[in-house]
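For what it's worth, my numbering labels the leading residue of the sequence shown as 4, then goes sequentially.
Here a beta-carbon is modelled for each residue, glycine too, at the ideal position from N, C-alpha and C.
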Amino acid sequence: MTEDYKRYWLKEAIIYSLDIRSYKDRNNDGLGDLKGLLSKLDYLVDLGINCLWLVPFYCSNDHDGGYDVIDYYEVDPKLGDLEEFKLLVQKAKSQNIKIVIDLVVNHTSKEHPWFLEAKNTQSPYRNYYIWMKEKPANDRDDVVFKTVEDSNWEYCEEAKSYYYHTFYKHQPDLNVANPAVQEEILNIINFWMKTGVAGFRIDAVPHILKNKGEERFQGDPYDVIDIWKEAILAHDKEAILIGEADVEPEDYPKFFNKGKKINGLFNFFLNNYLFLAMAEHCAKPLKKAFERLPFPGYHGQYLNFIRNHDELDLERLTVEERARVFEVFAPCPFMRIYDRGIRRRFPPMVNNNLARVKLAMSFLLSLPGSPVIRYGEEIGMGDDLRLPERESVRTTMQWDTSINGGFSAVDPNDLRWDVINDEVYGYQSINVANQQENTTSVLQQVKKMISTRKEQLALNYGIFKILETNHPQVMVYLYSLANEHVLVAHNLSYGEEHVQVSESFNTNKFHVLLGDAEIDLTASQQLILIMPAYSYCWLSFTT
Ligand code: NOJ
4 MTEDYKRYWL KEAIIYSLDI RSYKDRNNDG LGDLKGLLSK LDYLVDLGIN CLWLVPFYCS
64 NDHDGGYDVI DYYEVDPKLG DLEEFKLLVQ KAKSQNIKIV IDLVVNHTSK EHPWFLEAKN
124 TQSPYRNYYI WMKEKPANDR DDVVFKTVED SNWEYCEEAK SYYYHTFYKH QPDLNVANPA
184 VQEEILNIIN FWMKTGVAGF RIDAVPHILK NKGEERFQGD PYDVIDIWKE AILAHDKEAI
244 LIGEADVEPE DYPKFFNKGK KINGLFNFFL NNYLFLAMAE HCAKPLKKAF ERLPFPGYHG
304 QYLNFIRNHD ELDLERLTVE ERARVFEVFA PCPFMRIYDR GIRRRFPPMV NNNLARVKLA
364 MSFLLSLPGS PVIRYGEEIG MGDDLRLPER ESVRTTMQWD TSINGGFSAV DPNDLRWDVI
424 NDEVYGYQSI NVANQQENTT SVLQQVKKMI STRKEQLALN YGIFKILETN HPQVMVYLYS
484 LANEHVLVAH NLSYGEEHVQ VSESFNTNKF HVLLGDAEID LTASQQLILI MPAYSYCWLS
544 FTT
């Protein structure tokens, strides 16, 4: 590391995302809770993560995984209370874990008091939402859940008008162009920043910034993010905004705006091309993706992920590319969703081939950007496709072989969340306790990747370069930070491959950090890697 290099926590973040409801039930009422999560903090510390992203835990109608908020200022009483939340933030902080929470302000639940009031034309809350007397002709321009909703406009009998919704019809969109709504959002931001959180994941950010119906932002809609940024920084100068923006990569820079706006963006684009590469056993899609991916600059950071709590949304691929991923990873229609995504976790997509599961985790922990691990990914958890929509990938965390996989001690009939209980993916076979004891387990490998990533600052701050090879199925990249280098190779092929890297290295001292490739050098100092099927290898060297 060069001396003038400035450390920045988001660059070194290893983010873990979870839903309190499905993680650990402490009061044995069949639903996860804050106390349960608190009891698992040591596990997260041991795993090595340093940032926790919690999906919404506010009062909600539970019709969209908590993204249908009824009260922005209350913890859902089923999960705990504000004092417990503050305790969690404090305890996590003392263990060097920052907490990021969801800012869900594109919409509310239709049960939110603002919406109930807004049905009255005379109410001061009327303009908190977007209304029209007549449904416009192009009424489905921005329908997200295409196979579930058929319009962006829903008629409200009491209001005698149509209201706009981007997502489910039970989630009316807020009129963020309205200064009064902007004021409310600032209040929400200030309230939660006071609890000590490290920032927000802004839900559906491109949708928030759209002009909808007849409502228009005054000035550039993106400026509202500057205001939110200033607000969080006033509480904590290290606080961050990260954003869910599934847009074309050419649009990423306007969200980053040289550090003024969003600090981190989930890299949906790279995620899609990683899936294409894995489906086709070929490095080319990933290499091509990097040709289009803008460099975010020092203040911007990509957030990489394999799967999240939603469907694997393949919208960034072309129709043909998407069809190829569907064919391989979701061959049956019931595995697909909303005409554009897959509602499976990754291990079932590869028939529980653990080499492929570890390969994906190695990509996640080594691609440029900060990794976001979805709970259960570290043990290779599966899904339950009998559950509706995206609930298939939201089953409870599998801790051990005790009743309900250690999630809850309640009678299984009284569970309020789904536990996987089958031979292959059930808690009896896949759980934390088993894997803690097994050095080759997914969990142990992921832990090693995390600790290695933390030691090798080149992976966070180094200059990234894709290296050419003589093999289309092997992806090799290099990070260089002054004279320290980390080279990472992934063999996407189902056979052992010998690959020669087309670069001459000014060293013959390679240190194997991870993986089981054999290494050799040609007379002209070119690296030769002999890589088992679906294997990865991380090497370090100095020059
Ligand atoms: C994105 C969230 O990730 C998803 O779960 C939710 O359904 C929509 N936003 C609507 O809030």
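Close Cβ partners of L189 (< 6 Å) along its chain, the five nearest in sequence each way excluded: A234
D313 beta carbon near the ligand NOJ (any heavy atom closer than 6 Å): yes
Exposure label - G222; buried when at least 16 CB within 10 Å: exposed
Three or more C-beta pairs below 8 Å linking the stretch 336-344 and the stretch 144-159: yes
Residue environment, G372, which counts as buried when at least 16 other CB atoms sit within 10 Å: buried
Best match in E77, L446, M452 for proximity to L516 [C-alpha to C-alpha]: M452
Cut-off 8 Å between Cβ atoms - residues of its own chain near Q185, not counting five sequence neighbours on either side: The residues are V179, V227, I230.
At least three beta-carbon pairs within less than 8 Å, the stretch 326-338 to the stretch 273-280: yes
Closer than 6 Å: D386 CB and nearest the ligand NOJ heavy atom: no
A207: CB within 6 Å of a non-hydrogen atom of the ligand GTP: With respect to the ligand GTP, the structure shown offers nothing to examine, as its ligands consist of the ligand NOJ.
Delimiting residues of the alpha helix (DSSP H) encompassing H210: Looking at the DSSP string, the run of the alpha helix (DSSP H) that includes H210 is 208-211.
Spatial distance of M4 from T399 (CA atoms): Residue confidence for M4 is low, a pLDDT of 40 falling below 50, so the modelled location carries little weight and cannot support an answer.
Where the alpha helix (DSSP H) through N190 begins and ends: 182-196
Closest residue to M534 among F544, V504, N509, S527 (Cα-Cα distance): Measuring C-alpha to C-alpha distances from M534 to each of F544, V504, N509, S527 identifies V504 as the nearest.
Alpha carbon of I104 to alpha carbon of E251, nearest angstrom: If you draw a straight line from the Cα of I104 to the Cα of E251, it is about 25 Å long.
Proximity test, D3 beta-carbon vs the ligand NOJ heavy atom, cut-off 6 Å: Absent from the structure is residue 3, since the part of the chain shown begins at 4 and ends at 546.
Cβ neighbour criterion (16 or more within 10 Å) applied to I466: exposed
Endpoints, alpha helix (DSSP H) assigned at V413: Here V413 belongs to no alpha helix (DSSP H), and DSSP marks it neither H nor E.
Beta bridge counterpart(s) of L357 as assigned by DSSP: DSSP lists no beta-bridge partner residue for L357.
Contact set for M135: own chain, Cβ-Cβ below 6 Å, skip 5 residues either direction: For M135, where only same-chain residues beyond five positions count, the Cβ hits under 6 Å are Y165, G216.
Exposed unless 16 or more other CB atoms sit within 10 angstroms - verdict on P350: Per the 10 Å Cβ criterion, buried.
Candidates Y11, Y480, A95, D65: closest to L41 by CA position: A95
Buried versus exposed, by CB contacts within 10 Å (16 or more), N354: Counting Cβ neighbours within 10 Å, N354 comes out exposed, since fewer than 16 surround it.
Pairwise C-alpha distance: E487 and N511: 14 Å
Span of the beta strand (DSSP E) around I230: Not the beta strand (DSSP E): I230 falls in the alpha helix (DSSP H), residues 226-238.
Inter-residue spacing [alpha-carbon to alpha-carbon] between N270 and R359: 21 Å
Check: F60 C-beta below 6 Å from any heavy atom of the ligand NOJ: no
CA nearest to the CA of I17, picked from T472, R10, C54, D28: C54
Backbone CA spacing between L212 and K257 [nearest angstrom]: Distance between the alpha carbons of L212 and K257: 12 Å.
Near the ligand NOJ: F170 beta-carbon under 6 Å from a heavy atom: yes
Three-state secondary structure (DSSP) of N534: Here the sequence assigns Met to residue 534, which means Asn is not the residue at that position. In the structure shown, M534 sits in a strand (DSSP, three-state: E or B).
Beta carbon of H578 nearer than 7 Å to that of H312: Outside the displayed range of the chain (4 to 546) lies residue 578, so it cannot be described from this structure.
Classification of T124 by the beta-carbon crowding that lies within 10 angstroms, buried from 16 upward: exposed
Contact test: Y70 Cβ vs the ligand NOJ heavy atom, cutoff 6 Å: Checking the Cβ of Y70 against the ligand NOJ gives yes.
Residue of K9, T111, Y464, S20 minimising C-alpha distance to F308: Looking only at K9, T111, Y464, S20, the smallest Cα-Cα distance to F308 is reached by S20.
S1 versus L490 - alpha carbon distance: Any property of residue 1 remains undetermined from this structure, which presents the chain solely from 4 to 546.
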